[in-house]
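Peer 1: Quick note on numbering: the sequence shown equals residues -36 to -1, 1 to 387 in mature numbering (1 follows the signal peptide of the UniProt record, and there is no 0). Structure below; questions to follow.
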Amino acid sequence: MTQKPAHPSVSPAFSQPRIKSFALALCAAAVLSACAEQSQSTKSTQTTHPAQTTQSAGQATPGANQKPPAPAQTTPPAATQGQTFEEEIVPQRYANNANVDTFINDMVARYDFNSDALHALFSTVSYSATAVKLVTPSPTPSAKNWRVYQARFLDTVRINAGVRFWRANQATLQRAADEFGVPPEVIVGIIGVETIYGRYMGNFRVLDALTTLAFDYPDTANRADRMATFRKNLEDYLVWTRDQQVDPSSVLGSYTGAIGIPQFLPSSIAQYAVDYEGNHHIDLRNSPADAIGSVANYLKQNGWEPGRPVVWNIASDPGSQGIAQAAADGKPEPHLPLAQLLRSGLALNEPNVDLATEGGTPVTVVDLPTPGRATEYKLGLKNFYVLTRYNRSFFYALAVYQLGQRVKAQMIATGGAQSAQRQ
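What follows is the structure, given as structure tokens:
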């Protein structure tokens, strides 16, 4: 089992016992922090990474889906590995804040938090201008480009890292496949797209990001819904860190507050995260086993169908492509009976599919536009839809599937895993 680093302890959850010393410690930290920030520059640097762009490019993250699934959301400016942003730091913005005070009162009433401790904690929170910038829609959004997106996530770096991850965690991946019915390559595909197997998990303080977006979300059409979503995630985050005895000020993640190897938002942690190491502690940042089990559980709970395909290929003849174009409506849920499309003249490029028995299978047409090229089309089945529950983007779901397939093929080619051949 993976050896986990010691976690900073937090007072038993901000509850009444031992609260006086904890509150005093937090107050002292707040004073020191404020003094330090005032004596230094009011700028700091945050670094973004591929995992964060995944969310913005595609839309959601687990938890961001149950929250408000995201693709109907905005697409922030793309960030690339190593890109930095100069961020304005506004210390103590959330101290003596009426909206935060109302939130604190609710946390006290519903979860028995200590009011003084929460006020002390929020006095240490800084406004994250970078998080606001990254969730603000671009005034001139770029055209969708499947080929560019695909090349970014199906690169040699991710494939090779995926092989190493699979080899290092082969037994755990197979255990998850047996228990949850989700193939190893699908779990490997998600973790590879999200964070390159834990390489880029975010360096934003989650408490800052969630608080900023819960109370200062930018002025967009869906602002009220998004603020409600982030307040729910902030609520779940505080409960989770209390119950896991983790310092809420110490956790780092993405600019939307997604955490760890699989980039779960706190609401997804509450619903789907599992202790797959069996040590009575859920650690998505340091435990590949917990990440693997949690991803598999997430997909199972959202309806993954063991042994079923993710997509079917459509024949390349003009007639089939024209029918696919007409039927593409952007809906991720499978809602068109295959037989209906076949009667219209669409043909599959799937010699092993029994059309007689699959006629009633519901599908959706997945469109993959690339400027300057003919749009590509595929048929998405229930398992494709389940992948969009992790991140509601056709590009994301297909990139996850294809990355997993590439890693699996490399594993088989190099004799690296019996589990790859068993699936």
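Beta carbons are placed, not taken as given, at the ideal position from N, Cα and C, and that holds for glycine. Please read these numbers as outputs of a predicted model, since none were measured by experiment.
Based on Cα-Cα distance, which residue from His83, Asn250 and Gly286 lies nearest to Ala338?
Peer 2: To locate residue 338, count along the sequence shown from 1; it is residue 374. Taking only the C-alpha atoms, the option nearest Ala338 is Gly286.
Peer 1: Is Gly257 buried or exposed, if buried means 16 or more other CB atoms sit within 10 Å of its CB?
Peer 2: Position 293 of the sequence shown, counting from 1, holds the residue named residue 257. Gly257 comes out buried.
Peer 1: Tell me whether Ser92 sits in a helix, a strand or coil according to DSSP, three-state version.
Peer 2: Here residue 92 refers to the residue found at position 128 when the sequence shown is read from its first residue. The answer is strand: DSSP assigns Ser92 an E or B state.
Peer 1: Which residues bound the beta strand (DSSP E) around Trp276?
Peer 2: Taking the sequence shown and counting its residues from 1, the one referred to as residue 276 is at position 312. Residues Val275 to Asn277.
Peer 1: Measure the CB-CB distance between Leu343 and Val329 and report whether it falls below 8 Å.
Peer 2: Within the sequence shown, numbered from 1, the residue matching residue 343 stands at position 379. Within the sequence shown, numbered from 1, the residue matching residue 329 stands at position 365. Yes.
Peer 1: Using a Cβ-Cβ cut-off of 6 Å (strictly less than) and excluding sequence neighbours within five positions of Pro252, which residues of its own chain qualify?
Peer 2: The residue given as residue 252 occupies position 288 in the sequence shown. Excluding positions up to five away in sequence, the list reads Asn133.
Peer 1: Going by beta-carbon coordinates alone, are Trp130 and Pro105 separated by less than 8 Å?
Peer 2: Here residue 130 is taken as the residue at index 166 of the sequence shown, counted from 1. Here residue 105 is taken as the residue at index 141 of the sequence shown, counted from 1. Cβ atoms of Trp130 and Pro105: not closer than 8 Å.
Peer 1: Just how far apart, CA to CA, sit Lys196 and Gln374?
Peer 2: Reading the sequence shown from its first residue, position 232 is the one you call residue 196. Reading the sequence shown from its first residue, position 410 is the one you call residue 374. The alpha-carbon atoms of Lys196 and Gln374 are separated by roughly 41 Å.
Peer 1: Keeping to the same chain, check which residues put their C-beta closer than 7 Å to that of Pro298; ignore five residues upstream and five downstream.
Peer 2: Start at 1 with the first residue of the sequence shown, and residue 298 comes out as number 334. Closer than 7 Å at the Cβ level, and outside the excluded window around Pro298, lie Pro326, Val327, Thr328, Gly344, Leu345, Lys346 and Tyr349.
Peer 1: Please classify Val121 as buried or exposed, where buried requires at least 16 other C-beta atoms within 10 Å of its C-beta.
Peer 2: On the sequence shown, position 157 is the one that residue 121 refers to. Exposed, by the Cβ-count rule.
Peer 1: With a threshold of 8 Å, are at least 3 pairs of Cβ atoms found where one atom belongs to the region 65 to 77 and the other to the region 100 to 116?
Peer 2: Fewer than three pairs of CB atoms, one per stretch, sit closer than 8 Å, so the region 65 to 77 makes no contact with the region 100 to 116.
Peer 1: Along the alpha helix (DSSP H) that carries residue 409, what are the first and last residues, could you check?
Peer 2: A query on residue 409 cannot be resolved here, the shown segment of the chain reaching from -36 to 387 and no further.
Peer 1: Within its chain, find whatever has a CB closer than 7 Å to the CB of Asn266; leave out the 5 residues flanking it on each side and keep chain order.
Peer 2: The count along the sequence shown starts at 1 and reaches residue 266 at position 302. The answer, listed in chain order, is Val350 and Arg353.
Peer 1: Check the C-beta distance from Val215 over to Val170 and give it rounded, since I have them as a contact under 8 Å.
Peer 2: To locate residue 215, count along the sequence shown from 1; it is residue 251. To locate residue 170, count along the sequence shown from 1; it is residue 206. About 5 Å; that satisfies the 8 Å criterion.
Peer 1: Should His244 go down as buried or exposed, given a rule of 16 or more other Cβ atoms within 10 Å for buried?
Peer 2: Looking up residue 244 in the sequence shown gives position 280. With fewer than 16 Cβ atoms within 10 Å of its Cβ, His244 is classed as exposed.
Peer 1: Specify the secondary structure class of Glu340 as computed by DSSP and reduced to three states.
Peer 2: By one-based count along the sequence shown, residue 340 stands at place 376. Correct three-state label for Glu340: strand.
Peer 1: Short check: CB of Leu319 to CB of Leu306, under 8 Å?
Peer 2: As a first step, residue 319 is located in the sequence shown; it is residue number 355 there, counting from the start. As a first step, residue 306 is located in the sequence shown; it is residue number 342 there, counting from the start. Going by C-beta atoms, Leu319 is nearer than 8 Å to Leu306.
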